[in-house]
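Residue numbers (the numbering used here): 95 to 269. To start, the structure itself, in structure tokens.
This is the structure in structure tokens:
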């Protein structure tokens, strides 16, 4: 199985490469968004791990071209900026799964091999979101609508741009 790891953090990329090579993946690494499609055509991977942020680029815009080039590839989006809005958007664009960093090797492997448990409808409990989580999700949704533009998002939310940037840096711990 050929795995293309698309991650700008070289240390994380090397760690993933080492751990997944032990699991019988033939791993290849890409660190820049402009190299992704070329390597997809060159390597023809069966599995892809895509980091949502490659330097200053948002990788969501790479999902459709990857899916067009490799319609049967198993595509996992890995992100340190998890939100419901980005998860929904990633799945809508064609990602097969979405994991939040830090994700352990077992979770990544289960996702790549499509062995994660699918939640049953009856397993869902109604849970209320904390105000911090609700605010974070709303900010992420508005940010997504503004295609990552901080200034436009701040204007739409009625807050100063720096205040928004501080809120984005302080991702709340969800329970």
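From the three backbone atoms N, C-alpha and C, an ideal C-beta is built for every residue, glycine too. Model, not experiment: these values are computed from the prediction.
Distance between residue j and residue i (C-alpha atoms, nearest Å)
i           : j           : result
residue 224 : residue 244 : 24 Å
residue 262 : residue 205 : 27 Å
residue 131 : residue 160 : 7 Å
residue 202 : residue 246 : 34 Å
residue 259 : residue 181 : 21 Å
residue 207 : residue 248 : 40 Å
residue 154 : residue 122 : 20 Å
residue 110 : residue 119 : 11 Å
residue 74  : residue 115 : Nothing can be reported for residue 74, as the shown portion of the chain is limited to 95 through 269.
residue 167 : residue 139 : 7 Å
residue 112 : residue 190 : 23 Å
residue 104 : residue 228 : 33 Å
residue 257 : residue 251 : 11 Å
residue 146 : residue 240 : 16 Å
residue 174 : residue 194 : 6 Å
residue 192 : residue 184 : 7 Å
Same chain, Cβ closer than 7 Å to residue i, five either side skipped, listed in chain order
i           : result
residue 197 : 172
residue 156 : 127, 130, 144
Residues that residue i bridges to, as DSSP identifies them
i           : result
residue 152 : 147
residue 122 : 98
residue 141 : 97, 168
DSSP three-state assignment for residue i, whether helix, strand or coil
i           : result
residue 50  : One cannot answer for residue 50 here, as it falls past the ends of the chain, which runs 95 to 269.
residue 132 : helix
residue 117 : coil
residue 226 : helix
residue 264 : coil
residue 238 : helix
residue 243 : coil
residue 108 : helix
Own chain partners of residue i with C-beta closer than 8 Å, once the 5 adjacent residues on each side are dropped
i           : result
residue 85  : One cannot answer for residue 85 here, as it falls past the ends of the chain, which runs 95 to 269.
residue 254 : 248
Chain B within 8 Å of residue i, Cβ atoms only
i           : result
residue 196 : Absent from the structure is chain B; it holds one protein chain and no more.
6 Å Cβ shell around residue i - same chain, five flanking residues per side excluded
i           : result
residue 169 : 142, 189, 190
Enumerated in chain order, which unbroken segments of the alpha helix (DSSP H) with a length of 4 residues or greater are wholly contained in the region 162-217?
-> 178-187, 199-206
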